[in-house]
Structure formats: structure tokens, C-alpha cells
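All remarks here apply to the structure that follows.
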Amino acid sequence: MAYVALADRDHEQHLHHPQSWITRWVFCQDHKVIAIQYSITAIAVGVVAMLLSSMFRMQLGFPDSFDLVTPDKYYQYVTMHGMIMVIYLLTALFLGGFGNYLIPLQLGARDMVFPFLNMLSYWVYLVSVLILMASFFIPGGPTGAGWTLYPPQAISAGTPGVNGGILLMLLSLAVFIVAFTMGGLNYVTTVLQARCRGMTFMRMPLSVWGIFVATVLGLLAFPALLVAAIMMLLDNLIGTSFFMPEMLTMGGQGEHNGGSPVLFQHLFWFFGHPEVYIVALPAFGMVSDVLSTHARKNIFGYRMMVWAIVAIGGLSFVVWAHHMYVSGMNPYFGFFFATTTLIIAVPTALKVYNWVLTLWRGDIQLTVPMLFAIGFIFTFTHGGLTGLFLGNVTVDLPLSDTYFVIGHFHMVMGVSPVLVLFAAIYHWYPKITGRMFSDTLGKWHFWCTLLGTYTVYLPMHYLGILGVPRRYWSYGSDFIPDSAQSLNSAITVAAIFVAASQLFFFINMIWSLRNGEKSGPNPWNATTLEWQTPNTPAVHGNWGDKLPEVHRWAYDYSVPGEARDFVPQTEPPHEGVVSGRDHGVEH
Amino acid sequence: MNVTLLFTALVGAILVLLLLVRQLRTKSWLEKGIITEDSFSTLAPKRVGLFVFLGVVTSLFLLFMIIYNERAEFPDWRPIADSRLLWFNTALLVIGSAALQLARNAAGHGRLSGIRINLTAAGVFTIAFLVGQIYAWNQLTAAGHFMATNPADAFFYLLTGLHGVHLLGGLFVWAKATTNAWQKPDPEDVSQAAGLHLSVQLCSVYWHYLLLLWLVLFYMFTST
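Listed in order, the protein sequences are those of chains A and B. The opening residue of the first sequence carries number 1 in my numbering; numbering runs sequentially from there. The opening residue of the second sequence carries number 1 in my numbering; numbering runs sequentially from there.
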């Protein structure tokens, strides 16, 4: 066993050193470059999804005014908007982008433990995006099955994109899952194995905790989507009947028989619900770090925050059928899933209280990242509260498939994570680029986005209570009252306003790359390791000759008796303070 | 239903394990100075990576098994009739797995010749298993059982196919390890031998796992 012990102890990471421009910027194994590649790709594809939403909002707000958005196109745009936003933007940006950037830097590692696999993960992700985008250019266009891709309608004649679009969608998802698995193995193993000396689990910043648990969820949940995608591909291509029931089409019997469409729904939501938390947990983590840093106060209830992240992760696997109350199920199942759904509100609410208590009597700096983080507390609470309505079977039934649902999930997993993403981008921009962004443009961006999105989604709840159904191309003049249609028009105007106001963000990011003030290594006076790198932006290998050592937790802000209002994690304790566990005094 | 419970248990176990890690109960805000007590960090990253990957594969196949068992209860299910070839294939995979275990033992004693022969044999038997599986597919199609004929056939092709793909992935790593094993050893370079030993060990873990997975699948195919 002597050999193994040697291999196991061999922790000197063999860094791959880029030799040329290509290996430095294109086929690069450095986690920071991969993070930027992931982020730019995800944001680019997210812009496509945002433009699609503007197009179908035009149709909804002003029906009969645009010939461009036919019923087929409407369904295709809605489908692609949803799928891109949830998977290819949010999952990829949180885990592929910020996961890659933050894990090694916040843990004091030189890189991910499997850099080559990490690089491969990005390129496979890019392939999945290209496959998805290719569906816009094939005859029949992308699939219009709705982002949930429910069979039998997803692969039955009459649905847009049934000839090629759905195949490319399923193929792209399968490829994405392969990419995610490669990345995910890396993130989990790096967190377990590559923490620097002194970085115990409970000293990890909450960002890393969120990303870590979200990755574990992803590794366990994405296989369900893979199973569903493979089986639906086979139903479509070879004519198996996993999901396809016996159907009469055009007066004759179809080729399938005996499949179960509800089985697909179970698989889809077994993935789909944890997916909500795959997006939300990294957001929870990152927003905690931003709030604590800019309130100059330690995060309230750190240990509870960690436990809540783990508990939410566990519970997220036993709530999936609350997406299926109207699909028909045993009432006891409904009762079970409603109960678990409401239980998950407990650790989630705990986190919200802790964020607010972190702000309580803090030295709040209203910087741009802080504004976005505080905005998140509002939108998330709002979206979470409407979730309580939908989690109850009896309340869900009348609200199901109405705009209330659209309003709810856009608040809770659209606007809220995106606000955290903006907070995070602004917060870490100085470390990534070495420059400060324009504060004025950032504040314009924040207020337009926050007020704009509220103007979009708040009225949707009202429309939903009125009973306006989702997924309709046009409502005609008799189906919904004129007042509801006016509200629909107003929502469209606001949606386009929000989309346009993202220009503030893009202009700011690009302009500041060259013209921003030099930020220095630690412009926010933050404690975590990424702000203590010898170079800004951090160079290949991150730490120069010597890895950092960690002497304290990540939230020593405004510690009484210290000269500065923050103590970096790398700073050793003062002389006379006894090192180690259980020597401190409870305070 | 049992498999559903099994899956819940898997997810539950992972998260409970996380919670039970002693460190999660510490009050890190009171601790100052360097603390090192990591249970994981003495392991090679590749070893941890493999176990995480096996978790993902378990999740994937457990989900398939849940669906398989649910579907098999419907009246239109027509199970695979003839499984003689599968018994033969199973024997091949058992030998492959055993050979890898021998290679691993040889590596433990530092016997290079033992590593070489057993490692090579393991690959040969595994390839023979895969060929046997393709042969089983041919037998099925010759008997008129195509993928779309019956859900039992569809699941058989799908699950054996996926299992085979995982073995192919293993063979890729095996090929690298075998090439290394047959190279002339450099007595100066200790890390070379250690690296080889680690790959043989991890290959054996992966093979035992896929053998176990195959036995479960085989039991499913013949018992429904």
C-alpha cells in the first residue's frame, strides 16, 4: 500500500502552463478563463432569450399588430425563452461561471483539481448551446412544446418543431448534462480536496457552500432529465412507447401504445424542482457574502445559514409533485407534497430573516452590489410568499396555468437570481478586471431593473387571479375583459423597458474595462481570500509562490478592538490569543 | 416502490453525511489560528472524483430501475424469454472484474508482471463481454424483438446499451493504464509506480461497481 499512500498524499498540483495565445485564451485550463468563457456564453444566450421574450410580449400586449409572431412562432419563442433562461443561462452562469471563478479563489487553491476536465466541460457546454441555437435555422424551427416538453404533445404532429426542433432540444439537453457532470465532479472534488491550510468547512464563505450543495443537487437531479430526454428521443426516433400512450391521429391508430405521459412529468419535475434550488442556493450564498461585506457586519447565524442550505437541498428532492397537482394524483400524495412544500419554507424563511438581521444596525454602504442584494431580499420574499399559495393543493387548482404562476416563478427564480447575478458581477468585477465600474450607470441599471420588473410581474398576479390563462397566443376580444388586455399592454411596455435598460449594464461593463478607475486588490475591504491575491486580476496559479493560510472565518467585520473594520481570513490572531477550537468566549 | 425508497435513501444518506461531518457543528466564529483536521484531504483527488462520479451513475441507473419496475407491472409487458447467453456474458464480466482485483493485489505487492498480465486479461474479458452483449442484441432482433416491439425489449436495449457505454468509458481509462503498465519502468521515478497503482486500484473499483450494476440489471431482466 506504500505506493497508494504516496499518490494520495501527492498534493502538489501540477499546473498546466499555457504556452501560446490559443492555450491561454481559447483552450485554456485556468479556472478563471473558463469562468469568463462560461459567463460570456451564458450571458450571450441569455440576451437571445430576453429578445425572444420581448417579441412574444409584443404579441401579447398588442395582438393583431405584428404579423411577425405567428401562433407557431409564439410557442417556439416561449419554449426557447424558458429553457434557455433556466438551464443555459442561470445554471451555466451560477455554476460554470461563478462556481469556476470563486471556488478555487475563495478556498485558496491554485486551480480546480481536474483542470483538463474543466476545460472540456466548457467546450461541451458550448456545443450544447450551438445545437440548441441550430434549431432556429432548421426547417420547422425550434420546438414549441413549452419548456416542460410534456409528451405526448411535444412529439405529436401539430406541435411546432416536431420534425427537428424537439430532437435538437433533447440532444442539446443531453450534451449539457454531460458538460455539467464534468464541471460538477470538479466543483465537488475541489471543495472536498483542495482547500488551503486552515480552511475548514465551517470557514468557507457561504458562496462556496451554496455552489457546493447546488452542485451535489445537480449531480443527483440532472440524471432524471437525462433519463427523460433519452427515453423521449427513443419514442420519437425509434418508435418505442415509454411516454407515448395509444392515440388516435387523423382517424387512425397511432404507432405508439401503452406509454405513460405522467411518468415523464415525474421525471421532469424530479429534476425540475431541485433545479430551482440549483439556481437558488448559489444565489443565497453569494447574496449573503455581498450583504455581509457591504453592511460591514458578520453574517447573522452563519452556522444556521449553512444548515439551511443543506436542509433546503435535501428537502428539494421530496417536493417535486407540487408541480403536478392538476395531473391527477392520489389525494394523500397531494397532501404529502403540499406538506413538504410548506416545510421547505422554514429553512428558506430562516435565511431571509438572517439576511435582514445582518443588515440590522449594520454600517450599510449603498453601493451598486448592495442595492441589488437588498432588491433581491424584496423580490425573493415576494416570490416566496406567492409560493405558499401555489404549494397548497386547493389554492393551486384554480390558479394553475394562469398568469399567477408566471408571476410567481419569475419573481422567485427569474428576477431574484438575476438580481443576485448582477450584485455578484458588480461585486467581483473589480477582482475580475482590476477596474471599478461606473457607479452612476450601475445605479440607473438597478433602479430601472427593479422597478421595471415589479411593473412587469406584480400585475401578472392580478391577471392570474382574474383567471387569464398562460400559453395563449391571443385572447380575442371576448375572452378576457378589456381592462385585463390594457394591463397586458402595460406589462409589455414595462418588459421592453426592462430589456432596454440592460444596456446600462452592458455599456458599463464594456466601457469600464478600459476607462474604469483602477480598483486595487480589495476595493470593498472584504475578508475572503479572493481579495487577498498578490495580483489583481489574479494571475495563473492565483497565489504566487506560497499558498495562503487561513486563520479565521470569513466574516470578521467590525470586530471590536481591531484597528480596521475588517480582518482578512489570512491574518493570524494577535499575540496572546490562544489558537484553536473552543477557546473563545460566546458573544 | 422499493427502488424509489432506495433512491430517497441515497439522497438522504449523502445529505445526512454532510450534516454529520463534525465540522458542521463547530463555532467557527470563535476559532482563531490554523486548524487542520480534514478527513478528506489525505485522499487523492482522483479517488474522490471517482466516488462522486459513481454517485451520479447510481442516481442515473436507480431512476431507470424505478421506471422499469413501475412499467413491468402493466399487463402488456413481455419479458425476455431466453437468457442463456446473458449467463455466459455475466461470467465473462465476473472474470474481468476478478482479473482486475488480481492486478490490484499484484500492485499492492509491487509485482509488475502480475499487474501487466491481469490488467490485460481484464480488458480482454471486458471486451468479450461487450461483444457478447452485441451478440445478445442480434439474437433478440433475429427473434423479432426490436426496440419498439415491447417495452421490455426497449428497456433491455436501452439499459444494456447504457451499461455498455459506461464500460467503454472504463476501457478508455484501462487502455491508458495498460499502456503505462507495459512501459519500461523507471526505477528512479517513484511517482510513476504510485500513479500506476492508483489507476489500477480505481479501475478495479469502477469494474466491481459496473459488475454489481450488471448483476442488478440482469436480475431485473430475468425476474420481471
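C-beta atoms are modelled at their ideal positions from N, C-alpha and C, and glycine is treated no differently.
Paired residues, beta bridge with LEU248/A - DSSP = GLN253/A
Of the residues MET80/A, VAL213/A and PHE114/A, the one placed nearest ILE14/B, counting alpha carbons only | VAL213/A
The region 166-173 of chain B in contact with the region 98-111 of chain B per 3-pair CB rule at 8 Å = Remark: fewer than three beta-carbon pairs, one from each stretch, lie closer than 8 Å, so the region 166-173 of chain B and the region 98-111 of chain B are not flagged as touching.
Determine contact between the region 83-102 of chain A and the region 197-215 of chain A, defined as no fewer than three beta-carbon pairs at a distance below 8 Å.
-> yes
Alpha-carbon spacing of LEU6/A relative to SER191/B, whole angstroms = In this prediction, LEU6/A scores a pLDDT of 45, lower than 50, which makes its location untrustworthy; the coordinate-derived value is nonetheless stated afterwards. So the alpha carbons of these two residues sit roughly 8 Å apart.
Check whether the Cβ of THR70/A lies closer than 7 Å to any heavy atom of the ligand HEM, and answer yes or no.
-> Here there are no bound small molecules, and the ligand HEM is not part of this structure.
Residue range of the unbroken alpha helix (DSSP H) whose run includes LEU217/A | If you look at LEU217/A, you'll find it in the alpha helix (DSSP H) that goes 206-237.
TRP360/A: contacting residues in chain B (beta-carbon distance under 9 Å) = By Cβ distance, chain B contributes nothing, its closest Cβ being about 17 Å from TRP360/A, past 9 Å.
In whole angstroms, what separates the C-alpha of HIS382/A from that of PHE376/A?
-> Going by the C-alpha atoms only, they are around 10 Å apart.
Could you have a look at PRO115/A and say whether DSSP puts it in helix, strand or coil?
-> Note: PRO115/A maps to helix in three-state DSSP.
Between VAL208/A and chain B, is there a C-beta pair that is closer than 8 Å?
-> So, not an interface residue.
List, in order along the chain, the chain A residues whose C-beta lies closer than 9 Å to that of PHE218/B?
-> Chain A residues near PHE218/B: none, gap ~20 Å exceeds 9 Å.
Just the C-alpha distance for THR528/A and GLY108/A, rounded to the nearest angstrom, thanks.
-> 10 Å
Cβ of LYS431/A within 8 Å of Cβ of PRO537/A?
-> yes
With 8 Å set as the bound, which would you pick, yes or no: does the beta-carbon of ILE238/A sit closer than that to a beta-carbon of chain B?
-> Answer yes: the Cβ-Cβ gap between ILE238/A and chain B drops below 8 Å somewhere.
Quick one, which of GLY314/A, LEU315/A, GLY334/A and ILE309/A has its alpha-carbon nearest ALA321/A's?
-> GLY334/A
Cβ contact (3+ pairs, closer than 8 Å) linking the region 434-442 of chain A and the region 451-468 of chain A = no
In three-state DSSP terms, what is PRO469/A?
-> Of the three classes helix, strand and coil, the one that applies to PRO469/A here is strand, per DSSP.
Going straight from the alpha carbon of PRO71/A to that of GLY161/A, what length do you get?
-> Answer to the nearest angstrom: the Cα atoms are 12 Å apart.
Selection from PHE136/A, PRO523/A, MET232/A and VAL178/A that minimises the alpha carbon distance to LEU120/A = Residue VAL178/A is the option with its Cα nearest to LEU120/A.
Alpha carbon to alpha carbon, how far is PHE268/A from PHE146/B? Give it in angstroms, no decimals.
-> 27 Å
Tell me whether PHE242/A sits in a helix, a strand or coil according to DSSP, three-state version.
-> coil
Give the secondary structure of THR402/A by DSSP, where H, G and I count as helix, E and B as strand, and everything else as coil.
-> strand
Those residues which DSSP pairs with LYS431/A across a bridge | The partner list for LYS431/A (beta bridge, DSSP) is empty, contrary to what the question assumes.
Host alpha helix (DSSP H) of ILE22/A (start-end) | Element bounds for ILE22/A: n/a, residue is neither H nor E.
Nearest CA to the CA of ALA177/B: which residue from TYR135/B, ALA72/B, ARG116/B and MET220/B?
-> Checking every option, the nearest Cα to that of ALA177/B belongs to ARG116/B.
Examine chain B for any beta-carbon lying closer than 8 Å to the beta-carbon of THR249/A, and answer yes or no.
-> no
Going by beta carbon distance, what residues of the same chain come within less than 7 Å of GLY198/A, once the five residues before and after it are set aside?
-> Result list for GLY198/A: GLU549, VAL550 and HIS551, in chain order.
Would you mind sorting THR339/A into buried or exposed? The rule is 16 or more other CB atoms within 10 Å of its CB.
-> Result: exposed.
What three-state label does DSSP hand LYS46/B in the structure shown?
-> helix
Neighbourhood of ALA157/A by C-beta distance below 7 Å, restricted to the same chain and skipping five residues each side | The residues are THR249.
Between the region 532-550 of chain A and chain B, which residues of the former have a C-beta closer than 9 Å to a C-beta of the latter?
-> GLU549 and VAL550
Drop a sphere of 10 angstroms on the beta-carbon of ASP363/A, count the other beta-carbons inside from all chains shown, and report buried for 16 or more, exposed for fewer.
-> By the 10 Å Cβ count, ASP363/A comes out exposed.
Close beta carbons around HIS461/A, own chain, < 8 Å, minus the five adjacent residues each side = THR386, TYR403, PHE404, GLY407 and HIS408
On the three-pair Cβ rule with 8 Å, is the region 238-256 of chain A touching the region 48-64 of chain B?
-> no
Would a C-beta distance cut-off of 8 Å place GLY239/A and ALA148/B closer than the cut-off?
-> yes
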